[in-house]
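Enquirer: Have a look at the structure that comes next, please.
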Amino acid sequence: MPRKVGLAGGFGARYGTVARRQYVEIVTGLRSKHECPRCNFQTVRRWSVGVWHCRKCGFKFAGGAYTPTTKLGEIAARATRGLMSPSTLSTELDSLRAGARVAAPIIMPAKKPRTRRKKPAAEVAEKVETKVEEETTGESEAPAEI
Ligand SMILES: [Zn+2]
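Under the numbering used here, the first residue of the sequence shown is numbered 11, with each subsequent residue one higher.
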């Protein structure tokens with residue numbers, strides 16, 4: 011078996027492909043340089059969890075744990091400035107939650123064969139249910155005649 015190298019190489023074959031891939035994506039984001047919101051240079055690096063620091067102008071600011079800005083943080087910043095009505099805030103938060111569900115599209119192709127297998131079983135179950143309904147209606151009519 012070929013030994014997996016990379017950021018998640020220390021994991022070996024453990025924790026699954028999806029978890030290892032997500033780990034690599036997050037950690038590469040942590041170690042790469044980001045754009046400074048003050049001087050717009052690609053000089054911002056993570057100082058600590060949620061704390062980001064620009065090496066060019068020394069600007070230190072609070073952000074996401076793994077990225078300098080998060081979608082939730084952007085919504086919160088706009089809401090704090092008073093540019094948003096409570097209804098638009100709730101719709102924006104709902105759209106963020108919906109996006110979070112879509113954010114894991116890697117798992118979808120693996121699930122497809124499983125749903126295909128389930129479909130014929132569900133069709134059979136529906137047919138059985140209709141048969142049972144027909145039988146029960148026949149029985150219920152019989153005592154009504156007597
Ligand atoms: Zn800067």
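Idealized CB from N, CA, C, for every residue including glycine. None of the values given here were measured: they were computed from a predicted structure.
Between which two residues does the alpha helix (DSSP H) carrying residue 89 extend?
Expert: Here residue 89 is taken as the residue at index 79 of the sequence shown, counted from 1. Unbroken alpha helix (DSSP H) run through residue 89: 81 to 90.
Enquirer: Under a criterion of Cβ closer than 5 Å to any non-hydrogen atom of ligand 1, which residues qualify, in chain order?
Expert: 46, 48, 49, 64, 66, 67, 69
Enquirer: DSSP three-state call for residue 29: helix, strand or coil?
Expert: Residue mapping note: residue 29 aligns to position 19 of the sequence shown, counting from 1. Under the three-state reduction of DSSP output, residue 29 falls in the helix class.
Enquirer: Comparing C-alpha positions only, which one of 85, 48, 62, 109 sits nearest to residue 75?
Expert: Counted from its first residue, the sequence shown places residue 75 at position 65. The residue with the shortest Cα to Cα distance from residue 75 is 62.
Enquirer: Grab me the residues of residue 21's own chain with a C-beta within less than 7 Å of its C-beta, minus the 5 sequence neighbours each way, in chain order.
Expert: For the purposes of this step, residue 21 is taken as residue 11 along the sequence shown, with counting starting at 1. Cβ neighbours of residue 21 beyond the five flanking positions: 30.
Enquirer: Between which two residues does the beta strand (DSSP E) holding residue 61 run?
Expert: Along the sequence shown, read from residue 1 onward, the residue named residue 61 stands at position 51. Looking at the DSSP string, the run of the beta strand (DSSP E) that includes residue 61 is 61 to 64.
Enquirer: So which of 53, 50, 39, 51 has the shortest CA-CA distance to residue 59?
Expert: Position 49 of the sequence shown, counting from 1, holds the residue named residue 59. That would be 39, whose Cα lies nearest to the Cα of residue 59.
Enquirer: When the Cα of residue 51 is compared with those of 68, 108, 57, which residue comes out closest?
Expert: As a first step, residue 51 is located in the sequence shown; it is residue number 41 there, counting from the start. That would be 68, whose Cα lies nearest to the Cα of residue 51.
Enquirer: Would you decide whether residue 49 is buried or exposed? Buried here means 16 or more other CB atoms lie within 10 Å of its CB.
Expert: Within the sequence shown, numbered from 1, the residue matching residue 49 stands at position 39. So residue 49 ends up on the exposed side.
Enquirer: On the criterion of 16 or more Cβ atoms from any shown chain inside 10 Å, does residue 78 qualify as buried, or is it exposed?
Expert: Along the sequence shown, read from residue 1 onward, the residue named residue 78 stands at position 68. Buried, since its Cβ has 16 or more Cβ neighbours within 10 Å.
Enquirer: Which residues mark the beginning and the end of the beta strand (DSSP E) in which residue 18 is found?
Expert: Your numbering for residue 18 matches position 8 in the sequence shown. Neither: residue 18 is in no beta strand (DSSP E) and is coded neither H nor E.
Enquirer: Exposed or buried, which one is residue 41 when buried takes at least 16 other CB atoms within 10 Å?
Expert: The residue labelled residue 41 in the question sits at position 31 within the sequence shown. It counts as exposed.
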